[in-house]
Amino acid sequence: MMLRVLILSLTLFTGFAHATVLQRPISLDTGNGELFGSLLLPKSDNPVPVVLILAGSGPTDRDGNNPDGGRNDSLKRLAWVLAKHNIASVRYDKRGVAASFAATPDERNLSVEAYVNDAVAWSQKLKSDPRFGPLILLGHSEGALIATLAAPRADAAALISLSGSARPVDQVIREQLARSLPPPLMLRSNELLDSLKAGHTDANVPAPLQPIFRPSVQPYLISLFRQEPAKAFAQLKMPALIVQGSNDMQVDVGDARALKAAKPDAELVVIEGMNHVMRIVPADVKRQLASYKDPNLPLAAELGGKLIEFIDGLRTR
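Residues -19 to -1, 1 to 298, numbered by mature numbering (1 follows the signal peptide of the UniProt record, and there is no 0), are exactly what the sequence shown covers, in order.
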């Protein structure tokens, strides 16, 4: 009987916790297309911190899912961790992606600058809302670069870089491809990277390299390759947290340390065993890839704790 009462009590408590968080659609008219997102807002008599969550590269949506990489709900689950600790969040589909596809349907018109402008516009919307207190930008993977570039213009209270690269992205791609491509394709890949780095498109893309270097995405890559993440990070004046997993197959711990070196007053947290989709997964390629398609895997427990500790600490700075 006592066990049944305990189970009932836990069920009621869980339901109450969810009921205290408002989950609402939210949109932004940029003047150049409408963007759509999700708001999680804990009920509170006072303004609560709000985190603007910026997704990673390619067609990754507001929840952290990618049609090419699978569904893992990483950013959605992260938003709920924050909400249950009285921290609001907005995560949104980038222009050209998912519900915001119509904002820029042709990927030839995408650019880093447009993504940064959108992040600034979202920030202005949230900062003008009396329900919210300090604004924190949180970028995952490529989103960390966008957040870094947007944060000064957004006058953000803080920035969180989650699995963000310190190096120009062409260097990261070159390193990743070197692990898997045969020499002839690697040679052609390096030629394409050199051309794009110099600001020139190249229509001669072999079929195996089309997913990465298709002509329609090359203008975006040109805008991306001219960015210098560590240099931009060094210019930040607000508090910053760098979070990196030791078992991340896409971004190395060395990048996190380089960001820390660029901004010595930033806080660096390396989570042992965490991979790119924020799960604790062994450094085994098969199990790593499987985690990208498993939304039921729990997030690394240490991740939520570190984020909440950092955000709560902003009040005392």
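Built from N, CA and C at the ideal position, the CB exists for glycine as well.
In the DSSP output, what is residue i paired with across the bridge?
i, result
"N47", "G51"
"L140", "L118 and A221"
"I34", "R72 and L119"
"F17", "S8"
"M255", "I261"
"V250", "V224"
"L3", "L22"
"residue 333", "Nothing about residue 333 can be read from this structure; the chain reaches only from -19 to 298."
What is the DSSP secondary structure of residue i, counted as helix, strand or coil?
i, result
"residue 299", "The shown model of the chain, from -19 to 298, leaves out residue 299, and the question about it has no answer."
"P40", "coil"
"I289", "helix"
"I(-13)", "Caution applies to I(-13), whose pLDDT of 35 falls short of 50 and renders its modelled position unreliable; the value that the coordinates give is listed next. I(-13): helix per DSSP, three-state reduction."
"P23", "strand"
"T(-6)", "Bear in mind that the predicted position of T(-6) carries a pLDDT of just 38, short of 50, making it unreliable; the figure below should be weighed with that in mind. Reduced to three states, the DSSP call for T(-6) is helix."
"V266", "helix"
"A131", "helix"
"R195", "coil"
"Q216", "coil"
"A179", "coil"
"S161", "coil"
"E209", "coil"
"L280", "coil"
"T85", "coil"
"S272", "helix"
"G77", "coil"
"M167", "helix"
"D236", "helix"
"P187", "coil"
"K65", "coil"
"P245", "coil"
"R298", "coil"
"Q231", "coil"
"S104", "helix"
"L91", "coil"
In whole angstroms, what is the alpha-carbon distance linking residue i and residue j?
i, j, result
"V150", "D26", "43 Å"
"V232", "M255", "11 Å"
"L288", "K241", "17 Å"
"A131", "P165", "39 Å"
"P196", "E156", "21 Å"
"A271", "N185", "33 Å"
"L21", "P163", "46 Å"
"E172", "F214", "29 Å"
"F291", "T297", "10 Å"
"T11", "Q191", "31 Å"
"P111", "D275", "37 Å"
"P279", "G39", "24 Å"
"Q4", "I68", "13 Å"
"A159", "H257", "19 Å"
"K24", "V2", "6 Å"
"L202", "A237", "22 Å"
"S122", "V29", "26 Å"
"D293", "S170", "45 Å"
"D136", "G120", "15 Å"
"S204", "V97", "12 Å"
"P187", "Q208", "26 Å"
"K244", "L217", "8 Å"
"P6", "R134", "25 Å"
"Q269", "N277", "14 Å"
"N13", "D87", "13 Å"
"K212", "Y273", "30 Å"
"R148", "G235", "10 Å"
"G(-5)", "M167", "With a pLDDT of only 38 at G(-5), under the threshold of 50, the placement of this residue in the model should not be trusted; the figure read from the coordinates follows. Cα to Cα, the separation comes out at about 53 Å."
Are the Cβ atoms of residue i and residue j separated by less than 7 Å?
i, j, result
"G226", "I252", "yes"
"R72", "A84", "no"
"V32", "S8", "no"
"residue 299", "I261", "This structure cannot speak to residue 299, because the chain is shown only from -19 to 298."
"V138", "L295", "In the sequence as displayed, the identity of residue 138 is Ala instead of Val. Taking 7 Å as the Cβ cut-off, A138 and L295 qualify as a contacting pair."
"S144", "P210", "no"
"S142", "I223", "yes"
"F17", "D54", "no"
"L284", "A221", "no"
"R52", "P200", "no"
Touching by the beta-carbon criterion (3+ pairs, under 8 Å), the region 30 to 43 and the region 72 to 85: yes
Inter-stretch contact at 8 Å, needing at least 3 Cβ pairs: the region 93 to 102 / the region 121 to 129: yes
Touching or not, the region 242 to 249 and the region 263 to 270, by the rule of three or more beta carbon pairs under 8 Å? no
Quick check: the region 49 to 68 against the region 101 to 116, are there 3 or more CB pairs under 8 Å? no
Does the structure place the region 110 to 124 close enough to the region 175 to 182 that three or more beta carbon pairs sit under 8 Å? no
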